[in-house]
Amino acid sequence: MDIHRIKLYHYPATRSARVKWLLHELMDEDFDVEVVPLYEGGQYSSDYVTKNPNHNVPMLEFTLADGRTHNMLESGAMISLLADLFPEKGLAPPPAPFSTARADYLQMLHFGSTWMDMMLWQIRIHTHILDTDKDPATVARYEHKITAEVVPQLLARLDKHAHICGERFTAADCVMGQNLLWARAYGVCLEDALTPYIERLTARPAFALAYADMGDFSLAPSRKQGAALVTKFTG
Ligand SMILES: N[C@@H](CCC(=O)N[C@@H](CS)C(=O)NCC(=O)O)C(=O)O
Numbered sequence: 551m552d553i554h555r556i557k558l559y560h561y562p563a564t565r566s567a568r569v570k571w572l573l574h575e576l577m578d579e580d581f582d583v584e585v586v587p588l589y590e591g592g593q594y595s596s597d598y599v600t601k602n603p604n605h606n607v608p609m610l611e612f613t614l615a616d617g618r619t620h621n622m623l624e625s626g627a628m629i630s631l632l633a634d635l636f637p638e639k640g641l642a643p644p645p646a647p648f649s650t651a652r653a654d655y656l657q658m659l660h661f662g663s664t665w666m667d668m669m670l671w672q673i674r675i676h677t678h679i680l681d682t683d684k685d686p687a688t689v690a691r692y693e694h695k696i697t698a699e700v701v702p703q704l705l706a707r708l709d710k711h712a713h714i715c716g717e718r719f720t721a722a723d724c725v726m727g728q729n730l731l732w733a734r735a736y737g738v739c740l741e742d743a744l745t746p747y748i749e750r751l752t753a754r755p756a757f758a759l760a761y762a763d764m765g766d767f768s769l770a771p772s773r774k775q776g777a778a779l780v781t782k783f784t785g
């Protein structure tokens, strides 16, 4: 099945930036991007919800050579698939034959996009997105869990190698890099020993392209946007 075109539904500096970054690594600028205005509630429009009932970004739309489209809704799955689609770029150890490198790569890609992501999301929504039901204890719980359990695992890896799965940059670094920028914006993962890794990632030309729109992101919606979102946001 041939892919005719790839389109990313995106909002600056959010989880869709992971995917945008990898697309730039793989395809330079040869893909389409549509910004979904999250703070204006664009993710709840009936058109968008029909395609993405989770009302979020990223959404990745593949238009096939025969005109059909297929949408993906999970950033980790997108990263995994896209890296495999471009084996010549060398951003994912091959799926077969079995290798511990592949097993470790998938482990870290999913650790970043599910387990660590879950903690960061709880911190974010209980700091900036929820209304009257913000819970500071939830924020404190996940700040502690990240510091006590996640950061030591990352430091142990980065003490040995330049990237999260070894010497080479892989697609798992797009997830981990975005997570670390997200974490630092919320005052966690500030350990100095993580900084050289973050600097290595942010020096990549594809990172610069993916985050060129970062100035359009603010951590919190404005008071007016937040008031409009509150009736729709489901957590
Ligand atoms: N598990 C999904 C989560 C996507 C997600 O929740 N994205 C946030 C932005 S980082 C969003 O669009 N939220 C809007 C909403 O929930 O209304 C993924 O990793 O792709």
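Just so you know, the sequence shown maps onto residues 551 to 785 in the working numbering.
Idealized CB from N, CA, C, for every residue including glycine.
Hey, is residue i close to ligand 1, as in C-beta under 6 Å from one of its heavy atoms?
{"i": "Ser-625", "result": "yes"}
{"i": "Gln-775", "result": "no"}
{"i": "Val-607", "result": "yes"}
{"i": "Arg-565", "result": "yes"}
{"i": "Gln-593", "result": "yes"}
Taking 7 Å as the limit between beta carbons, can you name the residues of its chain near residue i, skipping five residues before and five after?
{"i": "Tyr-747", "result": "Leu-708"}
{"i": "Asp-634", "result": "Ala-642 and Pro-645"}
{"i": "Ala-756", "result": "Trp-571, His-574 and Glu-575"}
On the DSSP bridge assignment, give the partners of residue i in chain order.
{"i": "Thr-619", "result": "Thr-613"}
{"i": "His-713", "result": "Gly-716"}
{"i": "Lys-557", "result": "Asp-582 and Glu-611"}
Would a check of beta-carbon distances place residue i closer than 7 Å to chain B?
{"i": "Thr-781", "result": "In the structure shown, chain B does not exist; there is a single protein chain."}
For the alpha helix (DSSP H) containing residue i, name the first residue and the last one.
{"i": "Arg-754", "result": "Taken as a continuous stretch (DSSP letters only), Arg-754 belongs to no alpha helix (DSSP H), as it is neither H nor E."}
{"i": "Leu-573", "result": "566–577"}
{"i": "Ile-673", "result": "667–674"}
{"i": "Asp-597", "result": "596–601"}
{"i": "Glu-590", "result": "Counting along the chain, Glu-590 falls outside any alpha helix (DSSP H), and DSSP gives it neither H nor E."}
{"i": "Cys-724", "result": "721–735"}
{"i": "Leu-744", "result": "Per DSSP, Leu-744 belongs to no alpha helix (DSSP H) and is neither H nor E."}
{"i": "Ala-627", "result": "625–635"}
{"i": "Ala-778", "result": "773–779"}
{"i": "Thr-664", "result": "Where Thr-664 is concerned, there is no enclosing alpha helix (DSSP H), given that its DSSP letter is neither H nor E."}
{"i": "Val-700", "result": "Here Val-700 belongs to no alpha helix (DSSP H), and DSSP marks it neither H nor E."}
{"i": "Pro-686", "result": "686–695"}
By Cβ distance, which residues of its chain are closer than 8 Å to residue i, with the 5 residues on each side in sequence left out?
{"i": "Gly-640", "result": "Arg-718"}
{"i": "His-660", "result": "Gly-626"}
{"i": "Val-689", "result": "Gln-672, Ile-673, His-676 and Thr-677"}
Excluding the 5 residues preceding and the 5 following residue i in the sequence, name in chain order all residues of the same chain whose CB lies nearer than 6 Å to its CB.
{"i": "Asp-681", "result": "Val-780"}
{"i": "Asn-729", "result": "Gly-662 and Met-666"}
{"i": "Gly-727", "result": "Leu-751"}
{"i": "Lys-601", "result": "Asn-621"}
{"i": "Val-700", "result": "Met-666"}
{"i": "His-605", "result": "Gln-593, Tyr-594 and Val-599"}
Just reading off the beta strand (DSSP E) that residue i is part of, what are its end residues?
{"i": "Val-585", "result": "582–585"}
{"i": "Tyr-655", "result": "Not the beta strand (DSSP E): Tyr-655 falls in the alpha helix (DSSP H), residues 650–660."}
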